[in-house]
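2 protein chains.
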Amino acid sequence: MVTMSDVAREAGVSVMTVSNVLSERRPVGAPTRARVLAAVEALGFEVNLTARHLRAGRTDTVALVVPSFHDYFGEVADEIAPLVEAEGRHLVLERTAARPEQEIASLGVARLHLYDGVLLSVAALEPEQLDRVRTTKPVVLLGERDVPGRFDHVRLANEEGARLATAHMIAGGSRRILVLGGALETTHMMTTDRRAGWETAHREAGLPVDDRYVVPVANYSSAGARDALGEVIASGLPFDGVFAVTDVIALGAISALAASGLRVPDDVQLAGFDDLDVSNFVPPGITSVDPNHPGVAREAVRLLHRRMADAGAPAEHLVAPVRLVVRGSTRAAR
Amino acid sequence: MVTMSDVAREAGVSVMTVSNVLSERRPVGAPTRARVLAAVEALGFEVNLTARHLRAGRTDTVALVVPSFHDYFGEVADEIAPLVEAEGRHLVLERTAARPEQEIASLGVARLHLYDGVLLSVAALEPEQLDRVRTTKPVVLLGERDVPGRFDHVRLANEEGARLATAHMIAGGSRRILVLGGALETTHMMTTDRRAGWETAHREAGLPVDDRYVVPVANYSSAGARDALGEVIASGLPFDGVFAVTDVIALGAISALAASGLRVPDDVQLAGFDDLDVSNFVPPGITSVDPNHPGVAREAVRLLHRRMADAGAPAEHLVAPVRLVVRGSTRAAR
DNA sequence: ACCCTTGCGTATAACGATATAGTCGAGGCC
DNA sequence: GGCCTCGACTATATCGTTATACGCAAGGGT
Numbered sequence: 001m002v003t004m005s006d007v008a009r010e011a012g013v014s015v016m017t018v019s020n021v022l023s024e025r026r027p028v029g030a031p032t033r034a035r036v037l038a039a040v041e042a043l044g045f046e047v048n049l050t051a052r053h054l055r056a057g058r059t060d061t062v063a064l065v066v067p068s069f070h071d072y073f074g075e076v077a078d079e080i081a082p083l084v085e086a087e088g089r090h091l092v093l094e095r096t097a098a099r100p101e102q103e104i105a106s107l108g109v110a111r112l113h114l115y116d117g118v119l120l121s122v123a124a125l126e127p128e129q130l131d132r133v134r135t136t137k138p139v140v141l142l143g144e145r146d147v148p149g150r151f152d153h154v155r156l157a158n159e160e161g162a163r164l165a166t167a168h169m170i171a172g173g174s175r176r177i178l179v180l181g182g183a184l185e186t187t188h189m190m191t192t193d194r195r196a197g198w199e200t201a202h203r204e205a206g207l208p209v210d211d212r213y214v215v216p217v218a219n220y221s222s223a224g225a226r227d228a229l230g231e232v233i234a235s236g237l238p239f240d241g242v243f244a245v246t247d248v249i250a251l252g253a254i255s256a257l258a259a260s261g262l263r264v265p266d267d268v269q270l271a272g273f274d275d276l277d278v279s280n281f282v283p284p285g286i287t288s289v290d291p292n293h294p295g296v297a298r299e300a301v302r303l304l305h306r307r308m309a310d311a312g313a314p315a316e317h318l319v320a321p322v323r324l325v326v327r328g329s330t331r332a333a334r
Numbered sequence: 001m002v003t004m005s006d007v008a009r010e011a012g013v014s015v016m017t018v019s020n021v022l023s024e025r026r027p028v029g030a031p032t033r034a035r036v037l038a039a040v041e042a043l044g045f046e047v048n049l050t051a052r053h054l055r056a057g058r059t060d061t062v063a064l065v066v067p068s069f070h071d072y073f074g075e076v077a078d079e080i081a082p083l084v085e086a087e088g089r090h091l092v093l094e095r096t097a098a099r100p101e102q103e104i105a106s107l108g109v110a111r112l113h114l115y116d117g118v119l120l121s122v123a124a125l126e127p128e129q130l131d132r133v134r135t136t137k138p139v140v141l142l143g144e145r146d147v148p149g150r151f152d153h154v155r156l157a158n159e160e161g162a163r164l165a166t167a168h169m170i171a172g173g174s175r176r177i178l179v180l181g182g183a184l185e186t187t188h189m190m191t192t193d194r195r196a197g198w199e200t201a202h203r204e205a206g207l208p209v210d211d212r213y214v215v216p217v218a219n220y221s222s223a224g225a226r227d228a229l230g231e232v233i234a235s236g237l238p239f240d241g242v243f244a245v246t247d248v249i250a251l252g253a254i255s256a257l258a259a260s261g262l263r264v265p266d267d268v269q270l271a272g273f274d275d276l277d278v279s280n281f282v283p284p285g286i287t288s289v290d291p292n293h294p295g296v297a298r299e300a301v302r303l304l305h306r307r308m309a310d311a312g313a314p315a316e317h318l319v320a321p322v323r324l325v326v327r328g329s330t331r332a333a334r
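Going line by line, the protein sequences match chains U and S. Each residue of the first sequence is one higher than the one before, starting from 1 at the first, in full-length UniProt numbering. Each residue of the second sequence is one higher than the one before, starting from 1 at the first, in full-length UniProt numbering.
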């Protein structure tokens, strides 16, 4: 490896002069500067970022820590990357899927210190585990769990989005709406908050809430959704609408409906959540709650920058607004 | 930040003893060991990975560098991660999308040295740019471009997969098959290799090859595909099959076909490439070429480990086999 | 003539870990 | 008793950069 001192020797100057030429932290005379740059070019020198980090305490790198790389998180990551890069920093993704139940533990707090800041997506992490994380590293949390108050946090208006989608299907004539991927527990998490919105819409419309219409889905996957909805259909439980708690689940649902010869939206209306790309293109288009990824990304990055600039700033807890995108899988109000 | 020397002072030993306790590189007496561990616990010490890297030259981290985080690459990344972790290392994702035309330059060779090894996905990188990368860092290339012989490289059997998919639709009765996302150039890249397979299938069947059936798609996106196919339909060019060079494009195609009232597969057969999750669930199921992601991931990681263990090993160039997954978007042979 | 600034460069000490060579007492062997 | 080995622990140099203080000549103000 070619180091700064190699360059310094080649150019006949001290290492600090090389450093100053490259970082432009302090002025260097034109002839000296030229000789240094020539030496850099000739030797093919590249700065050692590790040494810089150790000494300068700065990596110019931000990590986004996600449970898995695909689908939802991949799309969000692509929104966040340009915003981080606009500030002259780099974004890298780390993943915790190995042990979803202990996101930080499996990652190791030590790794957090490799970065200037961390966006941590908390899907399965319990608040008390999070509370044990004692780090001064700037961290902004993303996700639908409750988190300790001292952390900055961006979450979605899950309940409101679910209410909008469900109410829309009720207005379109549905009276027996499944919540696919729902769960009966009361802990605040993505799935329970969205089920709560489904309930709210029912109550507001004066419709009964029936627990049999809450259908869990294994792994929140499309395959799990297809199987789960297939079983509901086979069971004979009557339904005329499906609120899928994610678009990935909606995709599994549309597959199961098609396999059973049920027409969307004529026999069954369908709505999802997340507004993934795919929802726009799967015929007849899946009505979905748009969580405004660009907006969430912008807020998260804004909070992180603020925290990096001022470690003592009071924590902010944002709830990003959502809106319903109506497509062919639901009917207009009757 | 609490350092090893804080721990050493607290435990009344030298820093090397702390290091030896934690790394288990050399034996430490039981009472001393206990005091050290107690001090680590009491102070909440976490090793500084940057300092370790600088001194020990090892990060236990592998990077996967991709053009973007979503869809195809996200799915591949989730396959690769467990394999890397199984060897006791960490996987992080870096992205180059900022300037697709200069993947390495935008990333900076310097960043490569932050990792023990790098899996570099070359989508838009020209061979001569790659040739300029002079690094001793273990690098394995993934992707469909030609690359300099000195690099390890894993690519797909693009032409063969395209040939299989096209031949299958010909056997099912199609005679005028579009290649959506195709390009007429002859440089080896994903899109041209797949177009070549489409041509081969036509020649083998004694069918004419018509350049008007090669339809480019903006950004290889679903939206671009929908627009492009919409224009073909509007133009009146007759066709009864679509070979989409990626599943993302196939998704746009199915949307355009539905919008025009064309039935799949009755009026138009459709096949894609990549076998993304979505293809399994979009009714009626999209026939697709399965590039065997797990196999590709396994080979890539195997090559990287080999290269990390032996920098002088001869470069391997692998072409991963593909197979056709037949679903409802195509007809059985007539 | 004197002092102070300014511009340009250098020498040296960190950052926090690990590698290497050493120290030191206890015990074994002849 | 003398010598050697061995286990347990320590002192110091080092990885490649940047922060800090300093040296030194040229120029400007009084």
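Beta carbons are placed, not taken as given, at the ideal position from N, Cα and C, and that holds for glycine.
At a cut-off of 9 Å between beta carbons, residue 254 (chain U) contacts chain S.
In this structure, residue 118 (chain S) sits away from residue 89 (chain S), with a CB-CB distance that is not shorter than 9 Å. Residues of chain U whose Cβ lies closer than 7 Å to the Cβ of residue 77 (chain S) are, in chain order, 69. Between the alpha carbons of residue 161 (chain S) and residue 324 (chain S) lies a gap of roughly 7 Å. Among the residues of chain U, those whose CB is under 8 Å from the CB of residue 258 (chain S) are 283, 284, following chain order. Rounded to the nearest whole angstrom, the CA to CA distance from residue 56 (chain U) to residue 17 (chain S) is 27 Å. When rounded, the separation of the alpha-carbon atoms in residue 28 (chain U) and residue 35 (chain U) is 11 Å.
Within the same chain, and ignoring the five residues on either side of residue 201 (chain U) in sequence, the residues whose Cβ sits closer than 7 Å to its Cβ are 163, 166, 167, 170. Around the C-beta of residue 294 (chain U), fewer than 16 other C-beta atoms lie within 10 Å, and the residue is accordingly described as exposed. Sequence-distant partners of residue 53 (chain S) (beyond 5 residues in either direction) whose C-beta falls short of 6 Å from its own C-beta, in its chain, are 59. At a cut-off of 9 Å, the C-beta of residue 150 (chain U) has no neighbouring C-beta in chain S. DSSP places residue 279 (chain S) in the helix class (H, G or I) of the three-state scheme. At a cut-off of 9 Å between C-beta atoms, residue 239 (chain U) does not count as an interface residue with respect to chain S.
Here the region 64-84 of chain S makes contact with the region 62-76 of chain U; the two share three or more CB pairs at distances below 8 Å. In the structure shown, residue 330 (chain S) adopts coil according to DSSP, grouped into three states. In the three-state DSSP reduction, residue 61 (chain U) falls in the strand class (E or B).
As for any alpha helix (DSSP H) of minimum length 4 sitting wholly inside the region 205-241 of chain U, the runs are 222-235, ordered along the chain.
CA-to-CA, the gap between residue 159 (chain S) and residue 231 (chain S) works out to about 26 Å. Against chain U, the CB of residue 277 (chain S) has a partner CB under 9 Å away; the residue lies at that interface. Annotation: residue 194 (chain S) to residue 144 (chain S) spans about 10 Å, alpha carbon to alpha carbon. The beta-carbon of residue 176 (chain S) is placed no less than 9 Å from the nearest beta-carbon of chain U.
By the Cβ criterion, the region 314-323 of chain U is not in contact with the region 254-268 of chain U, since fewer than three pairs of Cβ atoms, one from each stretch, lie closer than 8 Å. With respect to chain S, the C-beta atom of residue 3 (chain U) has no partner C-beta closer than 9 Å.
Leaving aside the five residues that flank residue 92 (chain U) on each side, the residues in its chain whose CB is nearer than 7 Å to its CB run, in chain order, 61, 63. Taking a C-beta distance under 9 Å as the contact criterion, residue 155 (chain U) and residue 142 (chain U) qualify as a contact pair. Annotation for residue 271 (chain S): the continuous beta strand (DSSP E) segment containing it runs 269-273.
Rounded to the nearest angstrom, the Cβ distance from residue 138 (chain U) to residue 307 (chain U) is 4 Å, consistent with a contact under 8 Å.
Our two residues, residue 330 (chain S) and residue 179 (chain S), have alpha carbons roughly 15 Å apart in a direct line. Between residue 214 (chain U) and the set U:39, U:245, U:76, the nearest pair of CA atoms involves U:245. For residue 23 (chain U), there is no enclosing beta strand (DSSP E); the residue is found in the alpha helix (DSSP H) stretching over 15-23.
For residue 189 (chain U), the number of other beta carbons within 10 angstroms of its own is at least 16, and it is reported as buried. Within chain S, 50, 53, 54, 114 have C-beta atoms less than 7 Å from the C-beta of residue 50 (chain U), given in sequence order.
Residue environment: residue 184 (chain S) is assigned as exposed (fewer than 16 neighbouring CB atoms within 10 Å of its CB, all protein chains considered).
Straight-line spacing of the CA atoms in residue 108 (chain S) and residue 44 (chain U) works out to 12 Å. Residue 216 (chain U) and residue 299 (chain S) have their C-alpha atoms spaced approximately 36 Å apart. For residue 116 (chain U), the closest of U:328, U:326, U:312, U:304 by C-alpha to C-alpha distance is U:304.
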